[in-house]
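Reading through the structure tokens given below for one structure.
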Amino acid sequence: MLLSTQSLPDASVKQAEWDDDSKVREKLHHDIEAHSSFVRGKKLSEIAVNYEKKLTQALTEPVESLFKIGGKDTWLSIRELLRRETEATISEFSTAVAGFELDEETFDKMVQKVKGDATTVVERKAREEAGKVRIHMKDR
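Going by full-length UniProt numbering, the sequence shown opens with residue 1, and the numbers climb by one from there.
Below, the structure is given as structure tokens:
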């Protein structure tokens, strides 16, 4: 040992000061919490996106069909379809996120986003159909 210390004086390594292990534990705890929050947020985001896609698929074709059929109760039928599909999706969504122990405000925001996306699907389809009607009117 003496020989290596004399021949390689630059190779010595100072020992880390581990006197205060509470800092290390605190940092580890903080890192674990940060990672946990990141993974939780990512998983919640994936779940929300999946249910938004599911709701979009459930609404797109029926809304298109209702617009094509037309009639005096088209909007009533669309509202009923929107309400029914939104309630079913939110019920499934609530079950899926129940294990995440979300506070009420966060959960309500996520539900409002899903509802808003459903309304956006109907609005987009209405605009598309209005554009098609306008084109047909111009052609005549």
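For each residue, glycine too, the CB sits at the ideal point set by N, CA and C. No experiment lies behind these values; they were computed from the predicted model shown.
Rounded C-alpha distance that separates I78 from F67: If you number the sequence shown from 1, residue 78 lands on position 78. If you number the sequence shown from 1, residue 67 lands on position 67. Straight-line Cα distance between these residues: approximately 9 Å.
Please state if the CB of A58 and the CB of F93 are separated by a distance shorter than 9 Å.
Against the sequence shown, residue 93 aligns to sequence position 93. Against the sequence shown, residue 58 aligns to sequence position 58. The answer is no: Cβ separation not under 9 Å.
| request: Tell whether a beta-carbon distance below 9 Å holds between D108 and T56. | output: Indexing the sequence shown from 1 puts residue 108 at position 108. Indexing the sequence shown from 1 puts residue 56 at position 56. Contact: no.
E123 versus Y51, L82, K27 and I69, residue with shortest Cα-Cα distance
Position 123 of the sequence shown holds residue 123. Closest option to E123, Cα to Cα, is L82.
With the cut-off set at 9 Å, would you say K115 and I90 are in Cβ contact?
On the sequence shown, position 115 is the one that residue 115 refers to. On the sequence shown, position 90 is the one that residue 90 refers to. The answer is yes: Cβ separation under 9 Å.
- Would you call V97 buried or exposed, if buried means 16 or more other Cβ atoms sit within 10 Å of its Cβ? Looking up residue 97 in the sequence shown gives position 97. By the neighbour-count criterion, in which a residue is buried when 16 or more other Cβ atoms sit within 10 angstroms of its Cβ, V97 is buried.
Have a look at S65, E80 and D73 and flag the residue whose alpha-carbon is nearest the alpha-carbon of K125.
In the sequence shown, residue 125 corresponds to position 125, counting from 1. Per the C-alpha coordinates, the member of S65, E80 and D73 positioned closest to K125 is S65.
- Query: Which term fits V121, buried or exposed, when burial requires 16 or more other beta carbons within 10 angstroms of its beta carbon?
  - Reply: Sequence index remark: in the sequence shown, residue 121 carries index 121 (1-based). Buried is the label assigned to V121, since at least 16 other Cβ atoms lie within 10 Å of its Cβ.
K54, enclosing alpha helix (DSSP H) - first and last residue | Against the sequence shown, residue 54 aligns to sequence position 54. That run of the alpha helix (DSSP H) goes D21 to I69.
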